[in-house]
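Let me begin by presenting the structure, written as structure tokens, before commenting on it.
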Amino acid sequence: MKFAILADIHGNSAALEAVLSDMDDLGISEAVNLGDHMSGPLDAHKTAEMLIPLNFPSIQGNHDRWLVEQNPSDMSPSDKVAYDQLKPHHLDWLRTLPATMLVHDEVFLCHATPQNDLDYWLEHIDDDGSISSASLQEIEQKAEGIEASLILCGHTHKPRLIRLSDGRLVLNPGSVGSPGYESDYPVYHEMQTGNPNASYAIAEKSGTEWLITFRSVPYDTTRMVEMAKENDRPDWARAVKTGWVTE
1 MKFAILADIH GNSAALEAVL SDMDDLGISE AVNLGDHMSG PLDAHKTAEM
51 LIPLNFPSIQ GNHDRWLVEQ NPSDMSPSDK VAYDQLKPHH LDWLRTLPAT
101 MLVHDEVFLC HATPQNDLDY WLEHIDDDGS ISSASLQEIE QKAEGIEASL
151 ILCGHTHKPR LIRLSDGRLV LNPGSVGSPG YESDYPVYHE MQTGNPNASY
201 AIAEKSGTEW LITFRSVPYD TTRMVEMAKE NDRPDWARAV KTGWVTE
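Per full-length UniProt numbering, the very first residue in the sequence shown carries number 1; after that it's consecutive.
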């Protein structure tokens, strides 16, 4: 069993193309997708047209949920740009996606945590906006009741792998299309990887163990940077180009 793990594409069609090409070079045709597929001031339409026909097992992220639940007039600027590009059948696809999923009988998919699509699982946001790692006890509490040997999450855009005390793995593959962002939830903070590459991971079952490979794929960010600028999002342009929200 071998498959790719994608998350947080955020409408970056160029990054998605790079990841799919890298998968093809490695002979990997199967993947799972952890949500936040299209939202962003980039190329939601092309991303949807590329992604949906692939039929990867996919779940709904918080931005996917907002795209189908919110009134367009109440949407954030990034969600509204994506919404205006998407066709009814794209939104219908997002509506069909579950919040969590079990695949291959032992791989659990969620966007942020099993309980909530907004909370951070492997990190803390402190009151002053600083970011720290969650403790093993805190991570394990949110994994209670999940019998899968491999537990997948996204949302923070940070590639990480944690082994729980019982041997289960919790993996975040990083973000395909958004290497840095700002958020006001629960307080203002900046999440940034410091490099512009498209991130994803590969999982391979070998006997009773999982072999995990993190991939960091360079690609030409020019078109995505220009789209962000055209949509009045210099913060997105900077993050896509450099991996930093602030320089």
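We treat Cβ as the ideally placed atom computed from N, Cα and C, and that holds for glycine.
How many angstroms separate the CA atom of residue i from the CA atom of residue j?
| i | j | result |
| --- | --- | --- |
| Ala134 | Tyr200 | 22 Å |
| Glu69 | Pro98 | 14 Å |
| Phe3 | Val32 | 7 Å |
| Asp24 | Asp128 | 43 Å |
| Leu171 | Asn71 | 33 Å |
| Asp126 | Thr47 | 34 Å |
| Thr242 | Thr208 | 39 Å |
| Asp74 | Ser165 | 43 Å |
| Pro196 | Ser206 | 31 Å |
| His189 | Cys110 | 22 Å |
| Ile146 | Ser175 | 24 Å |
| Pro53 | Gln137 | 40 Å |
| Gly167 | Ile151 | 11 Å |
| Gly180 | Trp244 | 6 Å |
| Ser29 | Tyr219 | 20 Å |
| Phe56 | Glu204 | 17 Å |
| Ser58 | Leu26 | 21 Å |
| Val225 | Cys153 | 27 Å |
| Tyr185 | Arg223 | 29 Å |
| Asp105 | Ile202 | 17 Å |
| Ala143 | Thr221 | 36 Å |
Tell me which residue opens and which closes the beta strand (DSSP E) that residue i is part of.
| i | result |
| --- | --- |
| Thr100 | 100-103 |
| residue 257 | Any answer about residue 257 is impossible in this case: the structure gives the chain only from 1 up to 247. |
| Ile139 | Not the beta strand (DSSP E): Ile139 falls in the alpha helix (DSSP H), residues 136-142. |
| Leu150 | 150-152 |
| Val187 | Val187 -> no beta strand (DSSP E), and no H or E assigned at all. |
| His37 | Per DSSP, His37 belongs to no beta strand (DSSP E) and is neither H nor E. |
| Val245 | Neither: Val245 is in no beta strand (DSSP E) and is coded neither H nor E. |
Can you find the residues in the same chain that come closer than 6 Å, C-beta to C-beta, to residue i, ignoring five residues on each side of it along the sequence?
| i | result |
| --- | --- |
| Gly177 | Ile9, His10, Asn12, Ala15 |
| Asn231 | Pro41, Val81 |
| His155 | His111, Ala112 |
| Leu6 | Ala31, Asn33, Val176, Tyr200 |
| Gln85 | Ala44, His45 |
| Arg233 | Pro41 |
Going by beta carbon distance, what residues of the same chain come within less than 7 Å of residue i, once the five residues before and after it are set aside?
| i | result |
| --- | --- |
| Leu94 | Gln60, Asp64, Leu67, Val68 |
| Val187 | Ile125, Asp127, Gly129 |
| Asp235 | Glu182, Val245 |
List the endpoints of the continuous alpha helix (DSSP H) containing residue i.
| i | result |
| --- | --- |
| Met23 | 13-26 |
| Ser199 | Counting along the chain, Ser199 falls outside any alpha helix (DSSP H), though it belongs to the beta strand (DSSP E) covering 198-206. |
| residue 248 | Nothing about residue 248 can be reported from this structure: the residues present for the chain run from 1 to 247 only. |
| Leu67 | 62-69 |
| Trp236 | 234-242 |
| Pro77 | 77-85 |
Check each candidate in the options and name the one with the smallest Cα separation from residue i.
| i | options | result |
| --- | --- | --- |
| Gly194 | Leu34, Ser132, Asp119, Thr246 | Thr246 |
| Val107 | His45, Val240, Met1, His157 | Met1 |
| Tyr83 | Glu123, Met50, His45, Ser130 | His45 |
| Ala18 | Leu102, Ser216, Tyr120 | Ser216 |
| Gln141 | Ser58, Leu122, Leu51, Ser132 | Leu122 |
| residue 250 | Ser183, Glu30, Pro159 | Because the chain here runs from 1 to 247, residue 250 falls outside it and cannot be looked at. |
| Asn62 | Ile28, Thr100, Phe56, Met50 | Thr100 |
| Pro159 | Trp236, Gln192, Pro234 | Gln192 |
| Thr96 | Ala198, Gly35, Thr221, Ile202 | Gly35 |
| Leu102 | His157, Lys229, Ser149 | Ser149 |
| His157 | Phe56, Ser58, Leu26, Ala239 | Ala239 |
| Asp22 | Gln85, Ala198, His104 | Ala198 |
Suppose the cutoff is 8 Å on Cβ atoms and the five residues either side in sequence are ignored; what does the same chain contact list for residue i look like?
| i | result |
| --- | --- |
| Met227 | Pro41, Leu42, Asp43 |
| Ile139 | Trp121, Leu122, Ile162, Leu164, Val170 |
| Met50 | Ser13, Leu16, Glu17, Leu20 |
| Ile131 | Glu123, His124, Ile125, His189, Met191 |
| Lys229 | Ala237 |
Three or more C-beta pairs below 8 Å linking the region 114-122 and the region 82-93: No contact exists between the region 114-122 and the region 82-93.
Validate contact between the region 38-50 and the region 69-81 using beta carbons, cut 8 Å, 3 pairs: Because the criterion of three Cβ pairs below 8 Å is met, the region 38-50 and the region 69-81 touch.
Are the region 159-171 and the region 209-220 touching, with three or more C-beta to C-beta distances below 8 Å? Judged by pairs of C-beta atoms under 8 Å, the region 159-171 touches the region 209-220, as three or more such pairs exist.
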